[in-house]
Structure formats: structure tokens, C-alpha cells
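This report refers to the structure that appears directly beneath it.
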Amino acid sequence: MSVSAYLILAAVLFTIGAVTVLVRRNSIVVFMGVELMLNAANLSFLAFSRLWGDFDGQLAAFFVMVVAAAEVVVGLAIIVSLFRTRRTVSVDDENLMRR
Amino acid sequence: MSPASLAALVAPVALVAPPMPPANVAPGGVATAAAGAEITINWVTLSPVVIVLGAAIVSTLIEAAAARRRPRPSGPAQPAYLRPLQAGLALVAVAAAGLMALRLALEADKSMGLNGDGAVVIDPVALYLQLAVACCALLALLVVADRTVQGESAFAPQAAAVPGSEYEAKARQRRLSQTDVYPLVLFATGGMMLFPAAGDLITLFVALEVLSLPLYLLSGMARHRRLWSQEASLKYFLLGAFGSAFFLFGAAWVYGATGALRLSGIAAAVQSPTGLDPILVVGVVLMLVGLFFKVGAAPFHSWTPDVYQGAPTPITGFMAACTKIAAFGALLRIVYAVFQALEWDLRPVLWTVAILTMVVGTVIGLVQKDVKRLLAYSAIAHAGFILVGVTSLTAEGLSGSLFYLFTYGIASVGGFGVIALVREVDAEGHMRGEATGLDQWRGLGRRSPVLAGAFAIFLLSFAGIPLTSGFVAKFAVFAAAFGAGAPALAIIGLACSAAAACFYARVIVAMFFEPAPGGEAAVGAAAEVGAAGLAGSALAGSGLGGSGLGGSGLGGSGLGGASPGGLGADRSGVGGSGLGIGVRTLGLTQIAIAVSLAFTLVLGLVPGWFLHFTQELSQLLS
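Here is the structure:
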């Protein structure tokens, strides 16, 4: 299978993730959209790594996975603390300041 | 989250980031380990970053060792030495890093550069930006470490406690303090110092996250108005992560188009056109989008006002100054790496974003009625002005941008420091949150002339009035834009700064020439707020502004059904409570304000030597 197929898949995944972030209202689902975008980036790194025949892209993917894990820790901590206060994770209810 | 887990996550990253395996390992070869021996790391030039991140890890360990019990009435108290120790460690580390960066910058020449095989590029510009980050972070840390004479800092006693719960009340009663703030600030500062020195797409991404993740948490730690703070934290996190994802996807495609992760390799690869140019353009634009998110450039600025308003004020000052310096440093590095080849593709993008950012920041800033929010829109407008300098892509533009970043950073730390001192006081005389409503600031000049005078000078500097550093900075970037054949950008910039001067002047007029709120004035104020609110809603398309007319004043209509009543209504109505000006604190904030003021005035009155310094740096780079 050619590299371009993987790249198209990565672009599709990235778009789905971005649309999820923009459209969905549940902050956990929004966050999942972000993770999907990061994984799309990982897939492109791997595909390009194959294209160029070196290990740089695979190395990058490892770093991205570590950083994404750290991001999950921070993000879920924020979402959970907000949920304990408000009993909701909808981003629509998050508009106290614009009054 | 516990500090230990953050350290566990970030520490390996910090240690691994410099020594990257070399590029272009032979296909099929598992030679990475053997080749790793060739990498040389110059620890001296890396030392500013290493000092800060090392101190961050030590600070985290201290935090873990002095772990608090749950705030039960009978439990042991938090050790008294903890807060001074953490604050002292943070201040010393950042000061040491700044001094080290200064020393290296003074003896910098062209021969400096690649480190860890190019993963980190310590050149004069990187050192200058590290110095600027260290200066601003040091001043911001003073504001962070300050507390009132009653021992209240700007941070929640227990950030994990549910606002309004009994648990929180106990934590407050027992005078706990969230000392995790210091390691978090140190990690963020370390990331910010690494970001403009990154010479590699992976280092860029890791540094971006190391600087962002602590800031997401810090935004949610305000002592007062905790719901706003948590909201700011969530918004910053979701949009920041969204921006990072764009950056990363862009980085992947740039790697795909050039086959290199090193910026030097990318710069070499873009010289020879290949069939992959569209991929390269898409990648670079996506990376820029990620950075535009970070600097708060339109149309990616929507998080800025909410986060600036909701975050604890010392943290707002910290991120307004340091994030901007770091992110623009990285932006400059990326743009300079690829620009020669992609000039025709990138120029329209940079132009559009610069113009949009200046216009949006200025126009929406005009109708703001909250001081922190107003400074947030001012920050957006300033991002646009700096982009004008970046876009010109000449040595003058570079030196102008560098000068601008430093002066803006210093002035914004000082400005937010002043805001941190102007507090509300309730009927019993207890200090509450910051009085950020513009109406509450009326008459401040009579009650506290020194504080109001300092704030006025910062505002004049933001507005670019002569004899302040802001004027010199604006002059430098606009002159560079003229010189680079972009007079249109400079003219739009000038028009925007003229318009922006109106809203700075509004604050100054309110402080010095209007009576303090109360009595008859409160009625007029309520009507004015309502009118401003309506104008705002007409612009923003949200029907919320009208609620100001409903007699509830600034406090607005509270929280809506889902949340416990009264928590967010920490804010008083117009004239509802007094203003505690010149809050009695340890005096650290005042020191920070005084230093920022000194910088702002000195660089405004005698800017020559500093401009010369930045010009020399830009010559060294090109």
C-alpha cells in the first residue's frame, strides 16, 4: 500500500478531530477530538518516515505519545475538578465571564 | 494533580530533549545507539534552561516530601518553611538562569550555535529571548510570591477543593497554601526558555507542551472567583491543546516535505524545489496556526480574554509577558528557516493575520468594561504590532520585534501587578478579589496616586506615547515595516494604535478625572455599563450584555441553574462595596511594579543603547 493512502487517512482523521472539537459540546468528547488530531499527526509522521526511509519520524511519534499522555493527565484533572464543581462537562455552560 | 506525577512526566522530557539522535541514520541501520556517542552537548550554553528545569524538579521533590495531610482540624499543619523555601528557590533559579543568559549573550558571537547536534540552537537571539523570559518571569514570580499581611496569596488554598465546599473552608481556615504553584511556574519558565532556542521540530513541540501544560493548571488556581478561574483553565486547555495539535500536524507535514526534523536541515531542503512544495506550504501554515494560537493572534485569539480575566492575576501577567516572548521567538525561528523559499506563499498569510489581529484587538478592546479583559484585548493588538515587525523580515524588523517583546513583557507584568493590588473590600473589611470593573477604578488616582500613576505610565507605554518604551518599540517595528516596503501594514498599525490609545485614555480618565463610585455616581455608572454592554453584545452577537440594565449591576445574573448559588457572584455590584487600594502586602508586588516602571521609563528616555544591543544581535543572526 502506498504512503499516500496513509497520508489521506491521516488527513481525514485530523479533519474529523478538528470538526469534533469545533462542533461537540461535551468537553471530554472535545478532548477526544484533540487526541484524534494528535494521532493523525503521529500517523503522518510514521508514513513520512517510511517515505524517507529514516527513523526520525518514528522517533517523533514516540515523543508525541509521551507528551499526549502528559496532556491527558492535565486535561482530565481540569475537567474532573470542573465537573465536581458544576456537575456538568458541557462547554456551553462555560460562559460566566461574558456577561 | 500531584506535583510528583507532573515531575515524572516532564522530567524525562527535559533531560532527553537536548541529546537527539542524529538525523539521517542509514536506512535499515540500528546505529542510533552507536551514533549517539558522537553528540556533543555544551552544558555551559544550555545552563539557563538546565538551571530552571533542574530547580523545577527539586522544587517538585520538596513539595512531595512535605506532602500535606488532608486539611482536617486535627491534622498536622503545613510546614511554615515550605512557602518561603519554594518561593526563594524559584526566584534564585530564575535569577541565576537570567544572569547566565546575560553572561553568555554578552560574549556571544557567530561561532556559538548548534548544541546536542542541532536539537537546541543557542545563538545570540535565543540567549536574548531567554534573558527576556527570565527577567519577566522573575518580576512575575515576585507578584506570584506576594501575599497580603493576613497571609493570603492570589492562589486557592487547595486548588483541588470544590469551590464553596466545607473542605475548602477548612483549607482556608487552616491557612494552607498551594505551594505547587512554584514548581509549575518553573516548569513553564523552563519550557519558555527552551522554546525560542529549539532547533528541531521535536524539541519545539516538547518545549511548547512543557510551557503550556503548567499554565493550563495555573490558570485554574485563583483564590477568588474560582468558577471563573476553572472556566479559564478549561478553555485555555481545550483551545491550547487544539492549537498544539495543529502545530504538530504541521510539523509532521513539514518533515514529510523535507525529510528533516532539524530546522537547519529544513532550511537547506527548501532551497531546492521538489514536487512536495504544496505539502511544505500546508505544513508551515499549520505550524504557524499553532503558534498564532499561543500568541493570541486573530482569528485564533478567542481564548485570550476569558483566560486573562479568569486566571489569577499574577499568572495572567506571567503568561502575557513570557508566553508571548517565547512563542514569538519560536515563530521567528520557523519563519526565518523557511521564508526564503516560501516568501510568496507565506507573506499573504502573515499580512492577513497581522492586520486582523491589530484590528480585532483594538476594536473589541474599545467596548470593554473590565480592566483585565481590556488588557487582554490590548495583548491581542500588541501581538499584531509585533507581527508587523516579524513580517517585515529584515534585520531592522527582527531587532524591532526583539525590543518590542522585551518592553511589552516588562510593562505587562507591571500592569497586571497593579491590578493584583487593587482589591474589593467587603462590609467587614475583609479583602476579596481584584476590583477589575472599570467603574470600580474611578477615582483611584485620588485614593492611591502612586499606584494609579504607575498604571497610567504602563498604559501610556502600551499606547505608544513618546518618552515611554512602548513608543520606541512601536516606532522600531513600524519603521521596519516601512523600510521593508510594507507601508500599508505600518499605516494600519498606526491607525490601530491611535484608536487603541482611546481605550487606554479612558482608563486614565476614569482613574484621575472621575469621582469615586458611590451615591449618585452609581446610578450613572449602571446606565453606562448597560450601554457598554449593549454595544458589546451588538458586536459580539451575543445577547448577554443587556443584563447589565436589569439593575443587577456588574455582578450580572449569576451562574444559571446548574451551579450552586452565590459562588460566582463574588463580584460586587456597582458601588456595592468599597475598594481596598494599596492592599497591605509583603511588598514584593510593589518591587516588581517599581522595577517594571524603571525599565519602561529608562528604555523610553534613553533607548539607544538597548536598541543598539538588539540590532547587534540581529546582525549576528543574519
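Protein chains in written order, with the numbering used here: chain L, 34 to 132; chain P, 241 to 862.
Heads up, the beta-carbon is just placed ideally off N, CA and C, and yes, glycines get one too.
| request: Give the interface partners of P/P403 over in chain L, defined as CB-CB distance under 8 Å, in chain order. | output: Close partners of P/P403 in chain L (Cβ separation under 8 Å): T118.
| field | Heavy atom of the ligand SAM within 7 Å of P/G391 beta-carbon | value | As presented, the structure is devoid of all ligands, the ligand SAM included, so that no description of it is given.
| 6 Å CB neighbourhood of P/V578 in its chain, flanking five on each side removed | Leaving aside the five residues that flank P/V578 on each side, the residues in its chain whose CB is nearer than 6 Å to its CB run, in chain order, V510, V524.
| Straight-line Cα distance separating P/I506 from P/L614 | Rounded to whole angstroms, P/L614 to P/I506 spans 40 Å at the Cα level.
| message | From the DSSP secondary-structure annotation, give me the bridge partner or partners of P/T825. | response | Bridge partners of P/T825: P/T388.
| What are the start and end residues of each continuous alpha helix (DSSP H) run of 4 or more residues lying completely inside the stretch 429-479 of chain P, in chain order? | Counting only runs of 4 or more, we get 441-459.
| task | Would you grab the beta carbon distance between P/G693 and P/S737 for me? Rounded to a whole angstrom, and I think it's under 8 Å. | result | Rounded to the nearest angstrom, the Cβ distance from P/G693 to P/S737 is 22 Å, too far for a contact under 8 Å.
| Element boundaries [beta strand (DSSP E), containing P/M671] | Start and end: 671-674.
| request: Mind listing, in chain order, the continuous alpha helix (DSSP H) runs of no fewer than 4 residues lying wholly within the stretch 571-595 of chain P? | output: As far as the stretch 571-595 of chain P is concerned, it has no whole alpha helix (DSSP H) run of at least 4 residues.
| request: Could you pull out every unbroken alpha helix (DSSP H) segment of at least 4 residues lying fully inside the stretch 606-655 of chain P, listed in chain order? | output: 611-632, all fully within the stretch 606-655 of chain P.
| request: Please report how far the alpha carbon of L/A51 lies from the alpha carbon of L/E104, in whole angstroms. | output: When rounded, the distance between both Cα atoms is 17 Å.
| task | Kindly indicate if chain P contains any beta-carbon less than 8 Å away from that of L/T53. | result | Not one beta carbon of chain P lies nearer than 8 Å to the beta carbon of L/T53.
| said: Taking 8 Å as the threshold (C-beta atoms), are P/T553 and P/F702 in contact? | reply: In this structure, P/T553 does not lie closer than 8 Å to P/F702 by Cβ.
| message | Beta carbons nearer than 8 Å to chain L: which residues of the stretch 438-453 of chain P have them? | response | For the stretch 438-453 of chain P, which is checked against every Cβ of chain L, the residues closer than 8 Å are L441, I442, F445, V446, E449, L453.
| query | Given that a residue counts as buried once 16 or more other Cβ atoms are within 10 Å of its Cβ, and exposed if not, what is P/E583? | reply | The residue in question, P/E583, is exposed, as its Cβ has fewer than 16 Cβ neighbours within 10 Å.
| message | With distance defined between alpha-carbon atoms, name the residue in P/Q549, P/P403, P/L526, P/S512 nearest to P/A472. | response | That would be P/Q549, whose Cα lies nearest to the Cα of P/A472.
| query | Under 8 Å, do L/S60 and P/L329 count as touching if we go by C-beta distance? | reply | Not in contact: L/S60 and P/L329 (Cβ atoms no closer than 8 Å).
| said: To the nearest angstrom, how far is the alpha carbon of P/L451 from that of P/A428? | reply: Distance from the CA of P/L451 to the CA of P/A428, rounded to the nearest whole angstrom, comes to 4 Å.
| Per-residue contacts from L/L115 into chain P (C-beta, under 7 Å) | Residues of chain P passing the Cβ test: Q470, L474.
| request: Throw me the rounded Cβ distance for the P/Q470 and L/L115 pair, which I believe falls under 8 Å. | output: A Cβ-Cβ distance of about 5 Å is found for the pair P/Q470 and L/L115, placing them in contact under the 8 Å criterion.
| said: Short of 8 Å Cβ to Cβ, which residues in the stretch 487-502 of chain P face chain L? | reply: Listed in chain order, the positions of the stretch 487-502 of chain P with a beta carbon within less than 8 Å of a beta carbon of chain L are L488, F489, A491, A492, W493, Y495, G496, G499, A500, L501.
| query | When burial is assigned at 16 or more other CB atoms within 10 Å of the CB, is P/M433 buried or exposed? | reply | P/M433 is buried by the Cβ-count criterion.
| query | Roughly how many whole angstroms lie between the Cα atoms of P/T556 and P/V653? | reply | So the two alpha carbons sit approximately 8 Å from each other.
| query | If P/E303 sits next to P/D386, beta carbons under 8 Å apart, how far is it from one beta carbon to the other, in whole angstroms? | reply | 20 Å between Cβ atoms; not a contact.
| Which of the three DSSP states, helix, strand or coil, is assigned to L/R57? | In the structure shown, L/R57 adopts coil according to DSSP, grouped into three states.
| message | Let me see if you follow: with CB-CB separation under 8 Å, is P/L582 close to chain L or not? | response | With 8 Å as the cut-off, P/L582 does not count as an interface residue toward chain L.
| request: Take P/G629 and list the residues in its own chain whose beta-carbon comes closer than 8 Å to its own, dropping the five residues that flank it on each side. | output: Closer than 8 Å at the Cβ level, and outside the excluded window around P/G629, lie G637, L638, G640, S641, Y644, A716, V717, A720, A721.
| request: Could you tell me the distance, in whole angstroms, from the CA atom of P/P364 to the CA atom of P/Y648? | output: Counting only the Cα atoms, P/Y648 lies some 20 Å from P/P364.
| query | Would a check of beta-carbon distances place P/G199 closer than 8 Å to chain L? | reply | Only positions 241 to 862 of chain P appear in the structure, and residue 199 of chain P is not among them; the question remains open.
| message | Quick check on L/L42 - is its C-beta less than 8 Å from some C-beta in chain P? | response | So no, L/L42 is outside the interface.
| said: Residues of chain L with CB closer than 7 Å to the CB of P/L293, please, in chain order. | reply: Within chain L, no residue comes near P/L293; the closest Cβ sits about 15 Å away, beyond 7 Å.
| Which residues share a DSSP beta bridge with P/F395? | P/F395 is bridged to P/A462.
| message | Under 8 Å, Cβ to Cβ, is there at least one residue of chain P near L/M70? | response | Closer than 8 Å: yes.
| query | Do P/A834 and P/L382 have their C-beta atoms closer together than 8 Å? | reply | It is not a contact, given that the beta carbons lie outside the stated cut-off.
| Cβ-based neighbour list, P/I697, same chain, cut-off 8 Å, excluding 5 preceding and 5 following | Excluding the 5 residues flanking it on each side, P/I697 has same chain C-beta neighbours closer than 8 Å at T708, L837, T840, L841, in chain order.
| task | Identify the contact partners of L/A74 in chain P, using a Cβ-Cβ distance below 8 Å as the criterion. | result | One finds A485, L488, F489, A491, A492 in chain P with Cβ atoms closer than 8 Å to the Cβ of L/A74, taken in chain order.
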